[in-house]
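Chains as they are written, first to last, in the numbering used here: chain V, 23 to 293; chain U, 21 to 800. Where is the CB? At the ideal position from N, CA and C, for every residue including glycine. Note that this is a predicted model, so its numbers are computed, not measured.
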Amino acid sequence: MKYLILATFSILILSSCFRERIDIDLNEENKKFVVTGFISTLDETQFIKVSKTVNYLGSLGIDPVTGANVTLNTNMNTYTLAETEPGTYELPTSWDPVLGADYTLRVEAEGESFTSVHKLRPCPEIENLRQQIDDDVDEEDSTFIYQTLFDFQEIPGEGDAYYGIDYKKGHIAGDSLLNGGFTNDEFIDGQYIEDVELTEDDRLYQIGDTAVVEIYSIGNQTQKFLVDIELEVYRGGPFDPPPANVRTNISGGAIGYFIIADARREEIVIR
Amino acid sequence: MRQIFYYVLLLAILPMVCTAQNITLSGQISDESTGEDLIGATVYIPELEIGAVSNTYGFYSLTAPSGTYQVVFSYLGYTSTSQEIKFDKNINLNISLRSDYEIAGEVVITAAAEEESQNVESTEMSVIDVNIETVKKIPALFGEIDIIKAIQLLPGVKTVGEGSSGFYVRGGNADQNLVLLDEAPIYNASHMLGFFSSFNPDAIKDMKLYKGAIPSHYGGRLSSVLDIRMKEGNAKRFGASGGIGTIMSRLAVEAPIGDRGSFMVAGRRSYLDLLAKAYLSATKGDDLDGNAFYFYDLNAKTNYRLNENNRLFLSGYFGRDVLDSKNEGIRVEWGNTTATARWNHIFSPKLFSNLTYYYSNYDYFLDFKEEISRFKWDARLKEHSLKSDFGAFLNPKNTVRFGLHVIQHEILPGTVLSLENNELLEEFKIQKSRSYESAIYAGHEWTVSDKLKIDYGLRYSLLHNIGPQEVFKLNETYNVVDTIHHGSGVFNTHQNFEPRFGARYKVNESLSLKASYNRTAQYIQLASNGNSATPFDIWFTSSEQIKPQKADQFAIGIFKNLRDNMFELSVELYYKKFEDAIDFKDHAQLLLNKNLEGDLRIGEARAYGIELLVKKEKGRFSGWFGYTYSKAEKKIDEINNGHWYNAKYDKPHDLSIVASYDISKRFSLGSNFVYSTGSAVTFPTGRYEFLGVAVPVYSERNGARLPDYHRLDLSATLRSRKNESRRLQTEWVFSFYNVYNRKNAFSIDFKQEKEAPYKTFAEKTSVFSFVPSFTFNAKF
Chain V
23 MKYLILATFS
33 ILILSSCFRE
43 RIDIDLNEEN
53 KKFVVTGFIS
63 TLDETQFIKV
73 SKTVNYLGSL
83 GIDPVTGANV
93 TLNTNMNTYT
103 LAETEPGTYE
113 LPTSWDPVLG
123 ADYTLRVEAE
133 GESFTSVHKL
143 RPCPEIENLR
153 QQIDDDVDEE
163 DSTFIYQTLF
173 DFQEIPGEGD
183 AYYGIDYKKG
193 HIAGDSLLNG
203 GFTNDEFIDG
213 QYIEDVELTE
223 DDRLYQIGDT
233 AVVEIYSIGN
243 QTQKFLVDIE
253 LEVYRGGPFD
263 PPPANVRTNI
273 SGGAIGYFII
283 ADARREEIVI
293 R
Chain U
21 MRQIFYYVLL
31 LAILPMVCTA
41 QNITLSGQIS
51 DESTGEDLIG
61 ATVYIPELEI
71 GAVSNTYGFY
81 SLTAPSGTYQ
91 VVFSYLGYTS
101 TSQEIKFDKN
111 INLNISLRSD
121 YEIAGEVVIT
131 AAAEEESQNV
141 ESTEMSVIDV
151 NIETVKKIPA
161 LFGEIDIIKA
171 IQLLPGVKTV
181 GEGSSGFYVR
191 GGNADQNLVL
201 LDEAPIYNAS
211 HMLGFFSSFN
221 PDAIKDMKLY
231 KGAIPSHYGG
241 RLSSVLDIRM
251 KEGNAKRFGA
261 SGGIGTIMSR
271 LAVEAPIGDR
281 GSFMVAGRRS
291 YLDLLAKAYL
301 SATKGDDLDG
311 NAFYFYDLNA
321 KTNYRLNENN
331 RLFLSGYFGR
341 DVLDSKNEGI
351 RVEWGNTTAT
361 ARWNHIFSPK
371 LFSNLTYYYS
381 NYDYFLDFKE
391 EISRFKWDAR
401 LKEHSLKSDF
411 GAFLNPKNTV
421 RFGLHVIQHE
431 ILPGTVLSLE
441 NNELLEEFKI
451 QKSRSYESAI
461 YAGHEWTVSD
471 KLKIDYGLRY
481 SLLHNIGPQE
491 VFKLNETYNV
501 VDTIHHGSGV
511 FNTHQNFEPR
521 FGARYKVNES
531 LSLKASYNRT
541 AQYIQLASNG
551 NSATPFDIWF
561 TSSEQIKPQK
571 ADQFAIGIFK
581 NLRDNMFELS
591 VELYYKKFED
601 AIDFKDHAQL
611 LLNKNLEGDL
621 RIGEARAYGI
631 ELLVKKEKGR
641 FSGWFGYTYS
651 KAEKKIDEIN
661 NGHWYNAKYD
671 KPHDLSIVAS
681 YDISKRFSLG
691 SNFVYSTGSA
701 VTFPTGRYEF
711 LGVAVPVYSE
721 RNGARLPDYH
731 RLDLSATLRS
741 RKNESRRLQT
751 EWVFSFYNVY
761 NRKNAFSIDF
771 KQEKEAPYKT
781 FAEKTSVFSF
791 VPSFTFNAKF
C-alpha cells in the first residue's frame with residue numbers, strides 16, 4: 023500500500039520532470055562469479071547458470087563460465103548437472119524431488135567453490151481456476167479484457183511464501199520474473215485464500231487464448247530476495263532508498279540466488 | 021600573605037563599587053514608521069568607546085559612568101541618530117530610527133559611518149544575518165520569494181535535488197537544523213514536497229543562521245539554528261500588502277492596537293491545481309474536476325505593552341498541504357501548527373527576562389477509499405515547551421545570559437486503520453513515544469580588552485524517556501531477543517554537557533581573528549534515507565539502545581572590512597566530528613516499522629571545509645560571492661563494508677554569486693548564479709541476469725557523482741513612483757529561473773528494457789527547465 027502512496031506522489035512530482043536517456047561511463051569493478059537457478063518440480067528442463075558479472079551498461083548478455091562442476095544433492099541423492107550450452111548446466115530429467123528436503127547446490131569453477139542450500143517446500147493445488155472481466159477495463163474499447171482467478175489452501179505453519187505468474191500459452195519466451203507476483207503467509211497462515219488475481223493490466227486475455235497459471239512454493243527467505251529485486255529494478259522515484267545490493271544465498275564469494283520449489287501449473291481456455 | 025588577601029578582596033569589591041557609580045541607559049529601539057522592534061541595532065558612546073546591541077525584542081541596556089555623553093543609535097539601512105544624554109540617574113529612553121527607504125524612496129541600504137561593523141567587532145562567527153530586503157532582491161523560482169532558498173545560497177549550506185527546501189549545514193543532515201519560527205520549531209519547513217518553504221516573506225522580519233559557534237541558549241540540534249522572527253505588525257498605522265503570482269497569492273494586514281500594541285495577519289494560498297485544471301480542460305478536454313493539490317498557510321502575531329516593564333506577544337503559524345482526488349478516493353494532508361506566547365519582563369534596567377511557552381505540531385494523514393473498503397493512515401508529532409531566559413547587562417564589558425528550557429515530546433509514528441463499510445477490520449499501530457528534553461544554560465560575553473572579547477557558555481541537557489512503553493531489546497546482530505514492558509514514569513535518561521566557546525581578537529579597526537568551539541547534542545531525529553523530502557516524516561527519540569548523536573565543531577576565521585565597511589570579507593575553516601551518527605542499513609524499511617531501531621546502524625561522521633564570503637550590502641550594487649570547499653563523510657557498521665563513504669550531500673565545490681543593481685528608484689535587476697559538484701550517488705558497477713531481470717551490482721556507497729550542477733537566474737523589478745501623498749506602492753517582478761535552460765540531473769537511474777534484460781540504459785531525470793514567471797505586489 024505504501025508504495026502506491028509514494029507512487030502517487032512520485033507521479034505528481036515527476037509530471038514536471040524531463041527524462042532522457044544519457045551516455046555515461048560507469049566504473050567496472052572486479053568481476054564476480056554469479057550462480058543463478060530456479061529449479062521447480064514442473065515436468066520440463068531444469069538448469070543452473072554460472073557466469074560472471076558484466077558492465078551494467080552495454081549490450082553484453084551474460085559472460086558464461088564453462089567447464090564448471092555442478093552438483094545438486096540431498097541426504098539421499100546426488101545429481102550431477104551437465105553443461106548443455108556455455109554456462110548452462112542441466113539437471114537430469116530422472117531427478118526425483120523429495121518434499122521437505124534441504125537441497126545443496128555445489129559449484130566448482132576456475133579453482134573456486136560455491137554452495138547454496140534451499141528447502142524444497144510443498145506447493146498447494148491451484149483450485150477453481152476461472153476467468154472474469156477485469157474491473158478497470160473498458161469493455162467497448164478492447165477485446166483484451168479477461169483475467170484469471172483461482173483459490174488455494176495456504177499450507178499451515180508460518181514460513182511459507184509463494185511466487186505466482188500467469189501468461190498466454192506459447193508466449194513464455196523472454197518473460198520476466200517481475201511479471202509475476204509474490205506473497206508470504208504472515209497474515210494468511212493456514213487460511214483458504216479465494217479470488218487470487220495474478221493477471222497484470224497489460225497482459226489481459228481475449229476470447230480464445232489459453233491462459234497458463236503457475237504457483238511456486240519458495241519460502242519466506244526467498245520472498246525477501248524478490249522484494250530486493252523489485253526495489254532495485256523499479257528505481258526512479260524521488261523517495262527511493264539508496265541503491266543497495268540484493269541479497270544472495272550463495273556462499274563462497276559468488277553472488278546470485280538459488281531457488282528450488284515445488285510448483286503447480288494449470289491451464290484455462292478463455293471463452 | 022595578608023597583603024595578597026586584601027588585594028584579592030579589593031579586586032573583588034572594586035567592580036561593585038564602580039558599578040554603584042555607574043548609570044544605566046536602557047529602552048527600546050524601533051522603526052519610526054512601523055514601530056517594529058529593531059534587532060541588533062547598536063547604541064554607542066564614541067567618547068568612551070563603549071556600546072551595546074539591542075536584543076531580539078529591541079531592548080538595549082548600556083551602562084556608563086556618570087557624565088554627559090553623545091550617544092549614537094544606528095542600524096543597517098536606517099539613518100543614525102545622535103543625542104546628548106546626561107548620565108546622572110538611570111534613564112529609560114525609547115528610540116525610533118528612520119529607514120533609508122522612507123527617505124530615499126528606494127531600497128538602497130546606505131552606510132552609517134558611526135556604525136560598528138558586527139563583522140569585525142562581534143565574537144560571532146559562522147553566523148549569517150539575512151536581511152529580508154536582500155532576500156526580496158534575489159530572483160526566485162516562480163517569482164516566489166523564499167527565505168530558505170536564500171539561505172541555500174550561503175557558503176557552508178548545501179542542497180540536494182532541484183528546488184528542494186531541505187538544507188545541509190557543514191556536513192550535517194537536514195534534520196540537524198533547528199528551524200525556529202518565533203521560537204517554536206517547524207518540523208517540516210516545506211510546501212509542495214519541498215518546492216516552496218513554509219515561510220511567508222510578508223510575515224517575516226528577520227532571520228539568522230548559526231552554522232557554528234551556536235550560543236548556549238540554543239540546543240537540541242547538531243548542526244545549525246535558523247532563527248526566524250515574525251513581524252510584530254505596524255504599531256503606527258493600518259497597512260496591507262499582498263501579491264499575485266504564478267503559483268500563489270498572498271495577503272497581509274497589520275495595524276496598531278491602541279497605542280500600546282499591534283497585530284499582523286498574513287496568509288497565502290496556492291492555485292497551481294486550478295491553473296492546471298483550466299489548462300488541461302482547454303487543451304486536452306481532460307476533466308480534472310474533483311482533483312485538487314494545493315497548500316495554504318497563515319501567520320498571525322500580536323503584541324501588547326502592559327507597561328514600561330511588561331510586554332506580551334502571541335504568535336501562531338498554521339500551514340497545510342492538501343492532495344485530494346475524489347475520482348480515485350484519495351485524500352492526503354499534511355502540515356505544521358505552532359503557537360507561541362511570550363512575556364517580556366524588565367526586572368531592572370540591567371536585567372531583561374523573557375518567558376516563552378510554545379506548542380508545535382506536525383501531522384499527516386492519508387485516506388484511501390475504494391467502494392466499501394477504506395484505509396486510513398495518520399501520524400503526528402507534537403511538543404509543548406517552556407523556556408525562561410534572562411539577559412543581565414552587567415556593564416559594557418560583561419553580559420550574561422542564562423535560563424532553562426523544558427520540552428515535552430510526543431510522537432505517534434503511525435496508525436493504520438483498515439475499514440470495510442466503516443467497520444474496523446484491522447488496526448496497525450506503532451506505539452506512541454513520549455519524552456522530556458530539558459536544559460539549563462549560561463553564557464558570558466566578556467570584553468577582556470580592546471582587542472580581545474570572548475563569549476563562552478555551558479549547556480547541560482537531559483533526555484528522559486517516559487513510559488508506558490514496550491521496547492525491543494536487540495542483540496549485536498540487531499535481531500529482537502526480548503520485549504521489555506516499561507511502566508509509567510521515567511525509564512531511561514541521557515545527559516550531555518555542551519560547552520560553547522568563541523573568541524575575537526581585533527588586530528585593527530577593520531581586521532579581526534576569531535575562533536570557536538562548540539559541542540551539541542541531539543535527542544530527536546528524522547528517519548530518512550531518500551533523496552527527496554517526503555511529507556511522511558518519522559521522527560524518533562534517543563532511547564535505551566540509540567544514544568543521542570553528538571557533534572564537536574572547531575572553527576577559525578579571518579574577518580576583514582574594506583573601504584569603510586563597504587565590503588565585508590570572511591574566511592572560515594571548520595572541522596566537525598560526529599559521535600553516534602546514524603544511518604539506515606541497506607533496504608531499510610522506514611514507514612510503519614515497529615522495530616525501526618533494528619534497521620538503524622550507528623557509527624561516526626566527519627566534515628571539514630573552508631568557506632569564503634565577500635558581501636556588499638550597502639549602495640546601489642549589492643550582493644555576495646560565496647565559495648565553499650568541503651567534505652562530509654560517514655563510517656558506519658555494515659554500510660559500505662564498514663569503510664568511510666560520502667554523505668549524499670557531500671558536494672565539495674560550491675559557488676554562489678548573488679548580485680542586484682538598483683538602476684533607478686523605480687527599476688532594479690537581480691541575478692544569481694550557482695555552481696556545485698554533483699551530489700554523491702551510488703551507480704551500479706556490474707550486473708547479472710536472473711530470469712529475465714538485469715540485477716544491478718553495486719560496490720561503494722555514494723562513490724559516484726551526478727554531473728555538476730549550475731544555474732543562472734535573473735529578475736527585474738519595476739516599482740511605482742513613490743511620493744508622500746501616495747501611500748499605495750506597487751511593483752511588478754519578472755523572474756527567469758534557469759535562464760540558459762540547463763537540464764541539471766535530479767537523479768540518474770539505471771534500467772532495462774522491459775522483457776529484454778540485456779538491453780540496459782541510463783536515464784536522467786531533471787526538474788524545472790527555464791521557468792519564466794511574474795508577480796504583482798502591492799502595499800499601502
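Between the CA atoms of F209(V) and L732(U) - distance to the nearest angstrom: Pairing L732(U) with F209(V), the inter-Cα distance amounts to about 54 angstroms.
Using DSSP with H/G/I as helix, E/B as strand and the rest coil, what is M212(U)? Judged by DSSP in its simplified three-state form, M212(U) adopts helix.
Report the rounded CA-to-CA distance for A133(U) versus S94(U), giving the unit in angstroms. In this predicted model, A133(U) has a pLDDT of only 46, less than 50, meaning its place in the structure is not dependable; the value taken from the coordinates is given anyway. For A133(U) and S94(U), the distance between alpha carbons rounds to 9 angstroms.
Assign I427(U) to one of three DSSP states: helix, strand, or coil. In this structure, DSSP gives I427(U) an extended state, which the three-state scheme calls strand.
So A90(V) is in the alpha helix (DSSP H); what residue range does that whole segment cover? From DSSP, A90(V) is part of no alpha helix (DSSP H); its letter is neither H nor E.
Please list, in chain order, the chain U residues whose beta carbon lies closer than 8 angstroms to that of F166(V). Among the residues of chain U, none has a CB under 8 angstroms from the CB of F166(V); the nearest is roughly 17 angstroms distant.
Can you pull the DSSP bridge partners for H484(U)? Y456(U), T513(U).
Taking all protein chains shown into account, do 16 or more other C-beta atoms lie within 10 angstroms of the C-beta of Y189(V), making it buried, or fewer, making it exposed? Its Cβ being crowded by 16 or more others within 10 Å, Y189(V) is buried.
At which residues does the alpha helix (DSSP H) containing E141(U) begin and terminate? DSSP places E141(U) in the uninterrupted alpha helix (DSSP H) bounded by 138-141.
Using a C-beta to C-beta distance shorter than 9 angstroms, which residues of chain V count as neighbours of D728(U)? Listed along chain V is no residue with a C-beta nearer than 9 angstroms to that of D728(U); the closest approach is about 14 angstroms.
Taking the straight line between their C-alpha atoms, what separation do you get for H365(U) and K636(U)? Cα to Cα, the separation comes out at about 37 angstroms.
Unbroken alpha helix (DSSP H) run spanning T244(V), endpoints: Residue range 242-255 is occupied by the alpha helix (DSSP H) that includes T244(V).
For K614(U), which residues from the same chain have a beta carbon less than 7 angstroms from its beta carbon, with the 5 sequence-adjacent residues on both sides left out? Once the five neighbours on either side are set aside, the close Cβ partners of K614(U) are I450.
I'd like to check one pair, F800(U) with A399(U): are the Cβ atoms closer than 8 angstroms? Contact flag unset, no.
DSSP three-state label for A84(U), please. Residue state, collapsed to three classes: strand.
Host alpha helix (DSSP H) of E153(U) (start-end): Secondary structure note for E153(U): its alpha helix (DSSP H) is the uninterrupted segment 152-156.
What residues from chain V crowd round V717(U), counting only those whose CB sits closer than 9 angstroms? Chain V residues near V717(U): E51, K54, V56, T75, Y78, N267, V268, I277.
Find the residues of chain U that neighbour E254(V), judging by a C-beta separation of less than 8 angstroms, and give them in chain order. In chain order: V715, P716.
Rounded distance between the beta-carbons of F756(U) and P792(U), thought under 8 angstroms: For a cut-off of 8 angstroms, the C-beta gap from P792(U) to F756(U) is around 5 angstroms, short enough to register as a contact.
Contact under 8 angstroms by Cβ, G355(U) with L318(U): Not in contact: G355(U) and L318(U) (Cβ atoms no closer than 8 angstroms).
Check whether chain U comes within 8 angstroms of G196(V), counting only Cβ atoms and requiring the distance to be less than that. Bear in mind that a pLDDT of 49 at G196(V), under 50, signals an unreliable position, so the model cannot answer this.
Evaluate the contact criterion for the region 192-212 of chain U versus the region 695-714 of chain U: three or more CB pairs, one atom per stretch, below 8 angstroms. With the rule of 3 Cβ pairs closer than 8 angstroms, the region 192-212 of chain U does not count as touching the region 695-714 of chain U.
So which residues of chain U does R287(V) contact, with C-beta pairs closer than 8 angstroms? Within chain U, no residue has its CB atom less than 8 angstroms from the CB of R287(V), the nearest being about 16 angstroms off.
DSSP-derived helix/strand/coil call for F693(U): When secondary structure is reduced to three states using DSSP, F693(U) falls in the strand class.
I602(U) beta carbon less than 8 angstroms from that of I622(U): Taking 8 angstroms as the Cβ cut-off, I622(U) and I602(U) qualify as a contacting pair.
With a threshold of 8 angstroms between beta carbons, is G109(V) in contact with chain U? Residue-level contact check: G109(V) does not touch chain U, since none of the beta carbons of chain U fall below 8 angstroms from its beta carbon.
Contacts of I768(U) in chain V (Cβ-Cβ under 9 angstroms): Within chain V, the residues near I768(U) are I44, I46.
Ignore the nearest five residues each way along the sequence and tell me which others in I168(U)'s own chain have a CB closer than 6 angstroms to its CB. Hits under 6 angstroms: S185, S217.
Does the Cβ of F448(U) have 16 or more other Cβ atoms within 10 Å, making it buried, or fewer, making it exposed? So F448(U) counts as exposed.
Just grab the DSSP bridge partners of I350(U) for me. Answer is S345(U), F388(U), bridged to I350(U).
For K109(U), does the count of other Cβ atoms within 10 angstroms reach 16, so buried, or fall short, so exposed? Exposed, since its Cβ has fewer than 16 Cβ neighbours within 10 Å.
At the level of alpha carbons, what is the spacing between D804(U) and T154(U)? Residue 804(U) is absent from the model: chain U starts at 21 and stops at 800.
Any beta carbon from chain V within less than 8 angstroms of K473(U)'s own beta carbon? No, no contact with chain V.
Could you run through the region 690-712 of chain U and flag, in chain order, every residue whose CB is less than 9 angstroms away from some CB of chain V? Taking 9 angstroms as the upper bound on Cβ-Cβ separation, chain V lies near residues V701, T702, F703, P704, T705, G706, R707, Y708, E709, F710, L711, G712 of the region 690-712 of chain U.
Quickly, what does DSSP pair D317(U) with across the bridge? List them, please. For D317(U), which the question treats as bridged, DSSP gives the partners R288(U), G339(U).
Check whether the region 262-269 of chain V touches the region 223-239 of chain V, taking contact to mean three or more Cβ pairs, one atom from each stretch, closer than 8 angstroms. Touching, no, given that fewer than three Cβ pairs across the two stretches are closer than 8 angstroms.
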